[in-house]
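For the sequence shown, my numbering gives the first residue as 508, with consecutive numbering after it. See structure below.
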Amino acid sequence: MLATFVLATSMIRMIGSQGSKNKNFRKVQLLYYTAYFAIIIPDSIAAVYFNKFWALRGFQKQVINSLNLVIQFASIFSSIVCGPSLDKLGNTVVIYSSIIAKLFSLIIFIFTTSADFAFIGRFLWGISLIFSKISFDHWLVELTMIYEFSPIDHSILIERRSLINLLIDMTITKIVDSSAQKLGVLNLMKYILFADFMLFVPLYFVVNSTNSKSAPKAEVSKEIQKDSQKIDARSIVTAFVDTIYCMATNLFKQLLSTNFINQNLPFSMIMATYTVSLAIGNSATMIVLSYLSNTTILYIILILFAVASTFGFIFADNDFFAFLTVIALGFLDGLAVPIMVSARSEAFPSSYRGRFLSGIRASGAILSVIVTYIMKYTTESSYLLFNAIMFVLCIISYRYQDRVFTFCKYFFKMFQNTPKKSD
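Written out as structure tokens, the structure reads:
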């Protein structure tokens, strides 16, 4: 009921609002949403039914756990590779590569029954997933630069994306679930393969259409070339904050799948609450941007993340307060997404942007794996304590950017400036 109310009121407000004043916004919105949801929807559907699919194949629980672990290593590998690939090949080629990897992985899943081939397919799926995520992040930042989007434009774009995500969760997921019961999980995978294959060619033209030589792009690109391409204090601190933000939200979503909240409530309701809170946060961003600058909002969000995580850790044994933590962190996550898009476009030089984004994903994935392994020996709520500590470090680094940058320069010079032997 809450999800339906939020969706309905947000849709009414969205229809009644004036929207973006950017003349290219409607075109970008259509192209971005088409490509984004064409790739993300099959990923979301398949992810829900993977474990059932492995069980159908007769794989043991240990093998299924290993298959789920493979995607972590695939995430790290593809995060490292994706940055240089984006810089040299561009968004179109990388997104197209992610689709090809997904097609091959689905073919392996459907037409082979061997666990060895399943590991290869799972690795390819992980590469496809991370390639598409990073390239879409990069593409959105590129569109921001090409068409001169303001932070409010980002907010509108992300808000509408989250509303469509919510609509998908409420409608398509139920349709797919009933279809899986009627057709079977194997046939569902075949339909996903067919859908991906049909989208193969159209997506190329959709993504490539924004890379064509248009007047806005040509003008902005000249201005970008005039700007300093050097990495400054803001670039380093934004990359660190972005890494912690990505890692913390991933860890919290992992926490939700444990007994952090007793299962008196269905897990689907808990996740739906998080999704609704995220949508409300996206909607609130436009209101907040009317009164505060992008930099100030990000600083406040970091403080609130630290406070909410600490609150959740202290009251982890109380289901009511734990549920409030879910709502608060979901809201802050939604509030942060458009702000981080603006921060990336402003802080990362265009010549290094792909490497920054892939480095953030790689670092976040590595940290998530390490923290998840360590947390096996503690309580689940320790995730929140760790997140709180990391957000405090983000606040300190944000407050003392110049000192952090000076330390980083000194640290790298220790390895780069080796003394030369005199003749």
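Where a beta carbon is used, it is the ideal one built from N, C-alpha and C, also for glycine. All figures in this text were calculated on a predicted structure; none of them were measured in a lab.
In this structure the segment 570 to 586 lies against the segment 624 to 634, because at least three pairs of beta carbons, one per stretch, are closer than 8 Å. In its chain, beyond the 5 residues on either side, L574, A622, A625 have a beta carbon closer than 8 Å to the beta carbon of F566. When the alpha-carbon of G628 is set against those of G837, I614, N801, I641, the nearest one is in I614. Straight-line spacing of the CA atoms in I602 and V848 works out to 19 Å. Here I617 has L693, M696, K697, L700 as same chain residues with Cβ atoms under 8 Å from its own Cβ, once five neighbours each way along the sequence are excluded. Rounded to the nearest whole angstrom, the C-alpha separation of K595 and Y880 is 35 Å. Taking T756 as the centre and dropping the five residues before and after it, the same chain places the C-beta of D840 closer than 6 Å to its C-beta, in chain order. Per DSSP, D644 is one residue of the alpha helix (DSSP H) stretching across 622 to 653. Non-local beta-carbon contacts of A791 in its own chain, meaning distances under 8 Å to residues more than five positions away in sequence, involve F838, G841, L842 in chain order.
In this structure the segment 528 to 546 lies against the segment 633 to 653, because at least three pairs of beta carbons, one per stretch, are closer than 8 Å. With respect to A746, F912 sits apart: the two C-beta atoms are not nearer than 8 Å. A residue is called buried once 16 or more other Cβ atoms fall within 10 Å of its Cβ, and Q569, having fewer, is exposed. L805 counts as buried, since at least 16 other C-beta atoms from the protein chains shown sit within 10 angstroms of its C-beta.
For W561 and P549, the gap between their C-alpha atoms comes out near 17 Å. Its chain contains A813 as the residues whose beta carbon lies nearer than 6 Å to that of V899, once the 5 sequence neighbours on both sides are disregarded; these appear in chain order. With contacts defined as CB atoms closer than 8 Å, G691 and G866 fail to qualify as a contacting pair.
Per the C-alpha coordinates, the member of M778, Y890, I571, N894 positioned closest to I810 is N894. Taking F557 as reference, the option from S612, V744, S816 with the minimal CA-CA separation is S612. If the five residues before and after A869 are omitted, its C-beta is found closer than 7 Å to the C-beta atoms of I583, S586, I587, all from its own chain and listed in chain order. Residue environment analysis places L537 among the exposed positions, since fewer than 16 neighbouring C-beta atoms fall within 10 angstroms of its C-beta. Annotated as distal: L874 and F820, with beta-carbon spacing of 8 Å or more. In this chain, D739 is not harboured by any alpha helix (DSSP H), its DSSP state being neither H nor E. Counting along the chain, no alpha helix (DSSP H) covers D824, and no H or E run does either.
For G590, the enclosing alpha helix (DSSP H) begins and ends at 568 to 596. In the displayed model, K609 falls within a helix according to three-state DSSP.
Judged by beta-carbon spacing, N801 lies within the 8 Å limit of I846, meaning their Cβ atoms are closer than that value. Pairing F656 with L799, the inter-Cα distance amounts to about 17 Å.
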